[in-house]
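Each remark here refers to the structure printed beneath this line.
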Amino acid sequence: MNFKHKYLFLFPGLLVLIGILIFPVGFTVRLSMSSWDSFFPGLDYIGLENYFRLFQDDSRFWEAFGRLSFLSLTTVTLQYVLGFALALMVWKDIAFKRFFRVLFLIPMMTTPVIMTVIWKTFFHESLGPVNDFLNIFGWNPLWLSSEILSKVTVIIVEVWQWTPFMFLLLLAGLLSLPKEPYLAASIDGAGPYRTFIYVTFPLMAPISIGAIIIRLIEASKIMDTVYVLTSGGPGTATETSSFYIFIKGLREFQFGYSAALSFTYLIIMIISLTIIAKVLVRLMIRE
Amino acid sequence: MKLKLTSIIPLTVALSTASAAYADKWSDMFPHIKNTGDIPGECSYESMSKKDYSGQKLTINTHAVPVMGEPTALHAEQFSKLTGAEVDVIHTPAGDLYSKAMVPFQAGQAPYDIVFGFSNFIRDWMQYLEPVPAKYVEMRQMKDVTQSHIDVASWDGQMIQYPIDGDRHYLKYRKDVIDNPEYQAKYKAETGKELRVPQTWKEYAEIASFFNGWDWDNDGELEYGSAEVMKKDDLMYAAFYSRSVAYSKNPRTPGGFFFDLETMEPLINGPGFVEALTDWVEATKYVPPGGINFGLGDEINSFGGGQTLFSFSWDDAFVAAMEDGSPIKNKVGAAPLPGSDSVWNRVSGEWEQTYNQAPYIVWGWAAAVAKKSKNHEMAFDYLCFFANDANHQADIAIGRFGVNPFKKSDFVPEIYVERQGWDEQIAKEYSETLIEMEEKSTNRVFPLRVPGVFQFNSALATGAAKALAGQLSPQEALDEVADQWRKITKRIGADTVREAYAVGVALEDNLK
Amino acid sequence: MRKLYLTLKYLFIGLWSMFVVAPFLWALSTSFKDFNSVTGGATYIPWVDFEPSLEGWRVLLRSPAQGGVNIVEPYFNSIVVTCSASFISIFLGTLAAYALSRFTFKAGFIKNSDITFFFISQRIMPPIVLSIPFFIMLGKLGLLDSMVGLVMVYVVLLMPIAVWIMVDFFNKVPREIDETALIDGCNPYQAFYKVVLPNSVPGLIVAGMFCMIFGWTDFFFAFILTFTEVQLLPVAIVALNSSITPWWSLSASALVSVAPLIVVAFIVERYLSKGNLSGALK
Numbered sequence: 004m005n006f007k008h009k010y011l012f013l014f015p016g017l018l019v020l021i022g023i024l025i026f027p028v029g030f031t032v033r034l035s036m037s038s039w040d041s042f043f044p045g046l047d048y049i050g051l052e053n054y055f056r057l058f059q060d061d062s063r064f065w066e067a068f069g070r071l072s073f074l075s076l077t078t079v080t081l082q083y084v085l086g087f088a089l090a091l092m093v094w095k096d097i098a099f100k101r102f103f104r105v106l107f108l109i110p111m112m113t114t115p116v117i118m119t120v121i122w123k124t125f126f127h128e129s130l131g132p133v134n135d136f137l138n139i140f141g142w143n144p145l146w147l148s149s150e151i152l153s154k155v156t157v158i159i160v161e162v163w164q165w166t167p168f169m170f171l172l173l174l175a176g177l178l179s180l181p182k183e184p185y186l187a188a189s190i191d192g193a194g195p196y197r198t199f200i201y202v203t204f205p206l207m208a209p210i211s212i213g214a215i216i217i218r219l220i221e222a223s224k225i226m227d228t229v230y231v232l233t234s235g236g237p238g239t240a241t242e243t244s245s246f247y248i249f250i251k252g253l254r255e256f257q258f259g260y261s262a263a264l265s266f267t268y269l270i271i272m273i274i275s276l277t278i279i280a281k282v283l284v285r286l287m288i289r290e
Numbered sequence: 017m018k019l020k021l022t023s024i025i026p027l028t029v030a031l032s033t034a035s036a037a038y039a040d041k042w043s044d045m046f047p048h049i050k051n052t053g054d055i056p057g058e059c060s061y062e063s064m065s066k067k068d069y070s071g072q073k074l075t076i077n078t079h080a081v082p083v084m085g086e087p088t089a090l091h092a093e094q095f096s097k098l099t100g101a102e103v104d105v106i107h108t109p110a111g112d113l114y115s116k117a118m119v120p121f122q123a124g125q126a127p128y129d130i131v132f133g134f135s136n137f138i139r140d141w142m143q144y145l146e147p148v149p150a151k152y153v154e155m156r157q158m159k160d161v162t163q164s165h166i167d168v169a170s171w172d173g174q175m176i177q178y179p180i181d182g183d184r185h186y187l188k189y190r191k192d193v194i195d196n197p198e199y200q201a202k203y204k205a206e207t208g209k210e211l212r213v214p215q216t217w218k219e220y221a222e223i224a225s226f227f228n229g230w231d232w233d234n235d236g237e238l239e240y241g242s243a244e245v246m247k248k249d250d251l252m253y254a255a256f257y258s259r260s261v262a263y264s265k266n267p268r269t270p271g272g273f274f275f276d277l278e279t280m281e282p283l284i285n286g287p288g289f290v291e292a293l294t295d296w297v298e299a300t301k302y303v304p305p306g307g308i309n310f311g312l313g314d315e316i317n318s319f320g321g322g323q324t325l326f327s328f329s330w331d332d333a334f335v336a337a338m339e340d341g342s343p344i345k346n347k348v349g350a351a352p353l354p355g356s357d358s359v360w361n362r363v364s365g366e367w368e369q370t371y372n373q374a375p376y377i378v379w380g381w382a383a384a385v386a387k388k389s390k391n392h393e394m395a396f397d398y399l400c401f402f403a404n405d406a407n408h409q410a411d412i413a414i415g416r417f418g419v420n421p422f423k424k425s426d427f428v429p430e431i432y433v434e435r436q437g438w439d440e441q442i443a444k445e446y447s448e449t450l451i452e453m454e455e456k457s458t459n460r461v462f463p464l465r466v467p468g469v470f471q472f473n474s475a476l477a478t479g480a481a482k483a484l485a486g487q488l489s490p491q492e493a494l495d496e497v498a499d500q501w502r503k504i505t506k507r508i509g510a511d512t513v514r515e516a517y518a519v520g521v522a523l524e525d526n527l528k
Numbered sequence: 005m006r007k008l009y010l011t012l013k014y015l016f017i018g019l020w021s022m023f024v025v026a027p028f029l030w031a032l033s034t035s036f037k038d039f040n041s042v043t044g045g046a047t048y049i050p051w052v053d054f055e056p057s058l059e060g061w062r063v064l065l066r067s068p069a070q071g072g073v074n075i076v077e078p079y080f081n082s083i084v085v086t087c088s089a090s091f092i093s094i095f096l097g098t099l100a101a102y103a104l105s106r107f108t109f110k111a112g113f114i115k116n117s118d119i120t121f122f123f124i125s126q127r128i129m130p131p132i133v134l135s136i137p138f139f140i141m142l143g144k145l146g147l148l149d150s151m152v153g154l155v156m157v158y159v160v161l162l163m164p165i166a167v168w169i170m171v172d173f174f175n176k177v178p179r180e181i182d183e184t185a186l187i188d189g190c191n192p193y194q195a196f197y198k199v200v201l202p203n204s205v206p207g208l209i210v211a212g213m214f215c216m217i218f219g220w221t222d223f224f225f226a227f228i229l230t231f232t233e234v235q236l237l238p239v240a241i242v243a244l245n246s247s248i249t250p251w252w253s254l255s256a257s258a259l260v261s262v263a264p265l266i267v268v269a270f271i272v273e274r275y276l277s278k279g280n281l282s283g284a285l286k
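Chains as they are written, first to last, in the working numbering: chain V, 4 to 290; chain H, 17 to 528; chain W, 5 to 286.
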């Protein structure tokens, strides 16, 4: 269908978006080619110097990227699996399903900045309930101050906060699935396992991919959790790209450099996500 | 110096008794100053009531309630009542004070007339600030401020920030352990050494380790050696500097502590600093579980809640411990920071085996007026009112306000004994420790106050944190930091940094 | 076998429910504590483990001059800004999504999926770097510290979500429906409004909810772009964060700020269940 109307549908939203964004994004690119910092504010022009510095000299940025990949891929995978499982379980045939559905949505409604403070006290090695309980067995894990465990703690908090996101999208998807394939499957005598693999999962593929991609984008920006829980520590164990960009930008006030970091990050993310999306489509839709 | 103290005490006592008997109308209207009544001065309640700012608005960006936030809001309310001005107060968490002020400044705007922050912002934001007019500097109220604090608020002789608070690092310890004869005997028996207030960091470590991990105050919970700010956030580098000063600030090698002033070569990876960082890595063994992730708030909770034997950063932990209702009220003591039995001489390249101690005149809360503000006079009047004698005396008596002594007339033990219920011995120890650092010391380190200070401190924090986490050895970590510092200096321009650093060095070397 | 399956199912749900609820219970308990109850070690039940105090709750209503943070006005501001931005985002976003789902666009090598990707890629940028340009932009427009300015920025942040979700949902509504409607004499707008939209209610609800959530819980932009006139709830709450973290008031405020969204959760769940029915009715 090719109507002129199509522009009327698309353009209001698109134009508003572009209109508001064009200055900030353009400014960011321009900023990345300057050396704006707290002492020398203003847009001088230093060409691609920031980028050279970034690629040659800044191993910390790339380390942060590595950690980010690890953290975001792990959390998103966990969230997907758990979210799907939960959605399937409260889809039908269970008591109080409506109550559970609402309950499972709640973690997502909390403001991350505030909720993470609660988590910090929860996992506090000396004063928190988790270790209080584990002390009974003689354990005292250093949730926030060991290099490995701190990553685990971040993952736990992220999974708690965002699994509902997957859960909701997948549940909405499940609820709007057509009935016919299921009737066909039960006529064919398929059990729950086979129904899932051959009917549910493929039908849910488009939504799954969409959910995973959005979630990956959001997870990569993970800031509040890291900031409150560990400040990127211990050492640099939980420092992610966006946290590093934040430090360079608003703590050290090297805005020009921070803009270059962000722009590079944006490009890398776009490339990675496109690749991931294509891979997912291959994996999920071919089946 | 003794002369000054002996003349101030009668003055203050006279003032307090005089005004206590003087139940004036201002203390009736404003219960905050009920203990002293209004104390006369250019910015007293009486003087302010004569000013008329009705119809005008003052906007202030300050820290969260209660530390600094509550007194700001309280004095804003009082100021508003007295002068008719409308005062808007915004509260911001500590780590964001800088950006909340700087982002508008850099965009050419000044939504706040008054900004609160830390005094080491000075070099970075002074270009946007209005210097304190001479009339305020000349006031008696300002003359009462100790020299260190005037220095901290000024740049090259000009006062840019208005002194409203004083801060310092000092050693805090549990008197019920150190002064306890039973534990003294036990310590002597097991280690052969005296149990006393540690004079060096090595002693600090020994005593802290001894008292780490068992219940020495019989409250059913385990206690530990020391609570320190080790979390890699905005304040941890100050804790590190406090630990390094004794090893590296050699009065015989002037010309720079963080950098060699002439060459701008970083000194941060010198043996003195490495020794301090090695101590600090050792300290991770005698802090409470999770101590490596302690921010200032956690340190205050820990020491103030009775969990550790020592602490050594800002006043807050001490104040929290001495609050009514604290289980360790009157069980804590104050002392100068530990020193060291040897100090590094960077000129001769050797360790000198002499005792060395130096305070780190650490920065604290500061307030300043924006250059682009349209209400300079009203803003300075507010700040002057905030710090007026009556308000100040009342403020330092309320622990959670975060306002700590910085005027010569503050270092009078009676204030704390009478108004806060402190033990006399403790109040005396506290006042003496503070005066020692503020007025008497000649071998001291001023905070780094150069352009890009946050970058330098952030690089140090990252390096130190890596050492604490065991990712790198102290020498490796500091070498990395020095490397970063060189790069930062190059980026900003060695001359620019030197020019600014020279101002601080001049103060340290007592040239001005 | 079925019994085993059911038991496992309930076990899993039970465990997850406990995981979900745990921090809230902890927050509830902590909101009644004071400094000593917190620093002495973990305590749980009021009156049994510690002396409860209402301080954490009272702080939320007191003015700063008395040591509190008044959250009533920020609460209200947050509701207005979030709802406005969400509504506008859904409106514009759904229209755009419909176009991207149904029609083909071509401008050189830019196809539909690229435009869709363009929308969603707006979410990739870390907020920090956008803060200064937005600040400058709003400054020049005189919209700093205003509701309008905030709504404008939030629309940019939320619209991509609306578009992305609705494109997915529209893609699942078969084209035959549109075509049937057109054959029946509707013009494209009516086809959209009367036929396709009602079949996508679950999608709309979900998109709406996400917009509300991301809008309500944003801290960063509200922090940078407002000063005194307009304060949003997350900023007001974070402003409690003093040198001594007030665990008790933060816990209380965390609970309070979740409350409205719980109401939204109930509403969403109802429509989700209903949406299932209407989908079958087609």
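Every residue gets a Cβ at the ideal spot worked out from N, C-alpha and C, and that includes glycine.
query                                                                                                                                                                                  : result
Would H/ALA205 be called buried (16 or more neighbouring beta carbons within 10 Å of its own) or exposed?                                                                              : exposed
With a threshold of 8 Å between beta-carbons, can H/THR99 be considered close to chain W, or not?                                                                                      : no
Over the uninterrupted alpha helix (DSSP H) stretch that includes H/TRP42, give me the two end residues.                                                                               : 41-45
If I follow the unbroken beta strand (DSSP E) through H/TYR69, where does it start and stop?                                                                                           : Run containing H/TYR69: none; DSSP gives neither H nor E here.
At a Cβ cut of 8 Å, what residues of the stretch 210-242 of chain V count as close to chain W, listed as they run along the chain?                                                     : ILE210, GLY213, ILE216, ILE217, ILE220, GLU221, SER223, LYS224, MET226, ASP227
Once DSSP output is grouped into helix, strand and coil, what is the label at H/ASP9?                                                                                                  : As displayed, chain H neither begins before 17 nor continues past 528, which places residue 9 of chain H out of reach and without an answer.
By the 7 Å beta-carbon criterion, what residues does the stretch 10-25 of chain V contribute toward chain W?                                                                           : PHE12, LEU13, PRO15, GLY16, LEU17, VAL19, LEU20, ILE23, LEU24
Any beta-carbon of chain V closer than 8 Å to the one on W/LYS13?                                                                                                                      : yes
Could you name the residues of the same chain whose beta carbon sits closer than 6 Å to that of V/LEU180, not counting the 5 residues immediately before and after it, in chain order? : LEU206
Would you say W/ARG66 lies against chain V (beta-carbon separation less than 8 Å)?                                                                                                     : no
Straight-line CA distance for H/THR33 to H/GLY85?                                                                                                                                      : Low confidence applies here, because H/THR33 scores a pLDDT of 47, under 50, leaving its location unreliable; read the following figure in that light. Answer to the nearest angstrom: the Cα atoms are 30 Å apart.
Could you tell me which residues DSSP pairs with H/ALA382 in its beta bridges?                                                                                                         : H/GLY133
I need the DSSP call for H/TYR517, collapsed to helix, strand or coil.                                                                                                                 : helix
For H/TYR178, collect the residues of the same chain with a Cβ closer than 6 Å to its Cβ; drop the 5 residues on either side in sequence, then sort them by chain order.               : VAL148, ALA383, LEU399
Within 10 angstroms of the Cβ of H/ASN309, are there 16 or more other Cβ atoms? Answer buried if so, exposed if not.                                                                   : buried
What does the Cβ neighbour count give for W/THR108, buried or exposed, with the cut at 16 atoms within 10 Å?                                                                           : exposed
Residues of chain V with CB closer than 8 Å to the CB of W/GLY97, please, in chain order.                                                                                              : GLY16
Identify each residue in the stretch 145-169 of chain W for which the Cβ-Cβ distance to at least one residue of chain V is less than 8 Å, and report them in chain order.              : MET156, VAL157, VAL159, VAL160, MET163, PRO164, ILE165, VAL167, TRP168, ILE169
In this structure, how does DSSP classify H/GLN174 when only helix, strand and coil are distinguished?                                                                                 : strand
Can you tell me where the alpha helix (DSSP H) holding W/ARG179 begins and where it ends?                                                                                              : 179-187
Looking at the C-beta of V/VAL79, does it have a partner C-beta in chain W at a distance below 8 Å?                                                                                    : no
In chain H, what lies closer than 9 Å to W/PHE231 by C-beta?                                                                                                                           : THR75, ASN77, ASP104, ILE106, LYS116, PRO120, PRO127, TYR128
Would you kindly report the start and end of the unbroken beta strand (DSSP E) that includes H/ALA350?                                                                                 : 348-351
Which residues does DSSP pair with H/ASN361 in a beta bridge?                                                                                                                          : H/GLU366
Hey, H/ASP54 and H/ASP68 are a contact pair by Cβ (cut 8 Å); roughly how many whole angstroms apart?                                                                                   : The pair is not a contact, with the Cβ atoms about 19 Å apart (cut-off 8 Å).
Do the stretch 442-458 of chain H and the stretch 153-170 of chain H meet, that is, are 3 or more Cβ pairs less than 8 Å apart?                                                        : yes
What ranges does the alpha helix (DSSP H) occupy inside the stretch 204-275 of chain H, keeping only unbroken runs of at least 4 residues that lie completely in it?                   : 217-226, 252-264
Counting contacts by CB-CB distance shorter than 8 Å, is H/GLN177 in contact with chain V?                                                                                             : no
Could you tell me the alpha carbon to alpha carbon distance between H/ALA37 and H/THR52, rounded to whole angstroms?                                                                   : Residue placement at H/ALA37 cannot be trusted, given a pLDDT of 42 that sits under 50; what the coordinates show is reported in the next sentence. Computed Cα separation, rounded: 9 Å.
Start and end of the alpha helix (DSSP H) containing V/TYR83?                                                                                                                          : 62-92
Please tell me whether V/ALA193 has its Cβ less than 8 Å away from any Cβ of chain W.                                                                                                  : no
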